[in-house]
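Residue numbers (UniProt numbering): 1 to 578.
Even glycine gets a Cβ: it sits at the ideal position worked out from N, Cα and C.
Just so it is clear, the structure is predicted and the values come from calculations on it, not from any experiment.
What follows is a single structure, written as structure tokens, with notes after it.
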């Protein structure tokens, strides 16, 4: 078609358009759209945001009341010295039997004391824990307890080629080799493997209880692969179970060996110190209940059986067992003076997976058990209220929900809506008191409290998504990713002079035993977290709008909170794995 032909068509279209009887007044159209948008804003958006403000303020007051109650309980415990050994009977194992024997017959006294030690099973579940498996096995095998009264059980679900098949050097599993080393030293240690990973950790623990030698044991001490109990751990915890038949669980405190590694680990230490020093202490003192932390605790086997055993219906099998046991009338005691060394995840990827499991699992468990808790007849009304409202709703639902909706959505959105007013006490005073109550758990990190709050707000994005996933039982509800621990791999060089040194064998292979592993190159767009970047940009834009137009004075918070989202979004938090 020639250019002149094209011009003729355009002229004809223009002529026909000019002959149409209808004229479009674009200014009027724009005015109508603006009026419709204003009506929708007044009828839908503003009332919805006001409702969110009201709900957020109500939940914030709930959290404040819970924090003040926990603080008051812990203050009373310290003031009146209500230690666990004063609330419950505690005597050293074997002391009574030895004292009852004749003072002249020292040998019979020692025999009687040894016989008083109950049989204890020490379980160490692990999955591809090549960086830390020696730590937990070595610590468990060094516990002070008669060797004929303890069984160390290593439950290995590993699938990692490096762990399971050490090329042609050993032909045997590294974990099994470590167990054999301790067997040679006279330790009663059992190495157990399964043919599948059904039920993940809960499945491994349940399978471990089926062995015949477990029938002789009365108590189980549990440690994850990176936990290193002190040698007197059993001597300080088991007496609570021996002398108090109503106690099912003794939980001890976690102590972190890498808390000062980076800001990410410092933030985790602040959160977990408050959890152990205050939340667990308060639950133990008032209700004799708290959530089992899954490790560094000792269970009465009869209580596990009475509660129905391990179940894999959620990703928080430890909390599931604890709730079912307390509904059967069993009591728990938290012993904060006993500390067990452990490692915090130092990479953001590992921390995100862990927080997904810790947020999704409780929400999912609450959905499954909310009716069962209310219908239970074996516990008091107040204990049921504590479980339903305080432990689950406020601690596992409201805390995750209000943090993101209020601080990362409602406040930024209110800048764009002049009709929305948030009271000063809800923006400043109440959040400040909540923060100060939680910050007392780690006084040495008090100077990091502002950064910690900003980071917790960022993490609330993942926690609320996980909580919603758990309630709706959708998507990643049953996702179980073992938290990656780096151990000493990125701090020390391997020892090539010890007994475990790798011996180089000169062999010629025509076909490799293991296919050559290709290093996957991380793509540019896989390095960043786009949800955090998107939220950060939106919050910063709200800050600019507040400076230029709204004049509500939220811009300082919005700028630093948006920057925190961007820092995490571009992965400038934690350490890079070696």
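{"Check": "Contact between the stretch 363-382 and the stretch 330-342 (3+ Cβ pairs under 8 Å)", "Outcome": "no"}
{"Check": "Residue 468 versus residue 394: straight-line alpha-carbon distance, rounded", "Outcome": "15 Å"}
{"Check": "Buried versus exposed call for residue 574 [16 or more other C-beta atoms within 10 Å across all chains shown]", "Outcome": "buried"}
{"Check": "Residues that DSSP places opposite residue 253 in a beta bridge", "Outcome": "339"}
{"Check": "Where the beta strand (DSSP E) through residue 125 begins and ends", "Outcome": "120-126"}
{"Check": "Meets three-Cβ-pair contact criterion under 8 Å: the stretch 144-156 and the stretch 208-221", "Outcome": "yes"}
{"Check": "Selected residue, minimal CA-CA separation from residue 121, among 135, 141 and 132", "Outcome": "141"}
{"Check": "Sequence-distant residues of its chain with Cβ nearer than 7 Å to residue 528 (five each side left out)", "Outcome": "569, 570 and 571"}
{"Check": "Residue 425 - DSSP class collapsed to helix/strand/coil", "Outcome": "helix"}
{"Check": "Through-space distance from residue 538 to residue 196, alpha-carbon basis", "Outcome": "45 Å"}
{"Check": "Straight-line gap, residue 234 to residue 285 (C-alpha atoms, nearest Å)", "Outcome": "22 Å"}
{"Check": "Segments assigned alpha helix (DSSP H), at least 4 residues, entirely inside the stretch 211-294", "Outcome": "233-243, 263-274 and 281-286"}
{"Check": "For residue 138, the three-state DSSP class (helix, strand or coil)", "Outcome": "helix"}
{"Check": "Beta-carbon proximity check, residue 238 vs residue 118, cutoff 8 Å", "Outcome": "yes"}
{"Check": "Runs of beta strand (DSSP E) lying entirely within the stretch 24-98, each at least 3 residues, in chain order", "Outcome": "none"}
{"Check": "Contact under 8 Å by Cβ, residue 227 with residue 342", "Outcome": "yes"}
{"Check": "Residue 375 to residue 244 span [Cα, whole Å]", "Outcome": "28 Å"}
{"Check": "Simplified DSSP state of residue 191, which is helix, strand or coil", "Outcome": "strand"}
{"Check": "C-beta atoms of residue 231 and residue 143 nearer than 8 Å", "Outcome": "yes"}
{"Check": "Range of the contiguous beta strand (DSSP E) that encloses residue 153", "Outcome": "150-156"}
{"Check": "Residue 574 (DSSP reduced to helix, strand or coil)", "Outcome": "strand"}
{"Check": "Own chain partners of residue 473 with C-beta closer than 8 Å, once the 5 adjacent residues on each side are dropped", "Outcome": "364 and 367"}
{"Check": "Those runs of the alpha helix (DSSP H) which lie wholly inside the stretch 417-465 and span at least 4 residues", "Outcome": "430-439"}
{"Check": "C-beta contact flag for residue 430 and residue 61 at 8 Å", "Outcome": "yes"}
{"Check": "Extent of the continuous alpha helix (DSSP H) run through residue 358", "Outcome": "348-375"}
{"Check": "Alpha-carbon spacing of residue 510 relative to residue 481, whole angstroms", "Outcome": "Because the pLDDT of residue 510 is 40, which lies under 50, any placement of that residue in the model is unreliable, and the question is left without a value."}
{"Check": "Cα-Cα separation, residue 359 to residue 463", "Outcome": "6 Å"}
{"Check": "Inter-residue CB distance, residue 441 and residue 274 (contact presumed, cutoff 8 Å)", "Outcome": "3 Å"}
{"Check": "Member of 124, 434 and 402 whose CA lies at the smallest distance from the CA of residue 580", "Outcome": "The question about residue 580 has no answer here: the residues shown for the chain are numbered 1 through 578."}
{"Check": "Unbroken beta strand (DSSP E) run spanning residue 297, endpoints", "Outcome": "297-300"}
{"Check": "With 16 other Cβ atoms within 10 Å as the buried cut-off, status of residue 13", "Outcome": "exposed"}
{"Check": "For residue 49 and residue 410, believed in contact at Cβ under 8 Å, the rounded distance", "Outcome": "7 Å"}
{"Check": "Same chain, Cβ closer than 7 Å to residue 139, five either side skipped, listed in chain order", "Outcome": "228 and 229"}
{"Check": "Own chain residues within Cβ distance below 6 Å of residue 498, not counting five before or after", "Outcome": "Because the pLDDT at residue 498 is just 43, under 50, the model does not fix this residue reliably, and the point stays unresolved."}
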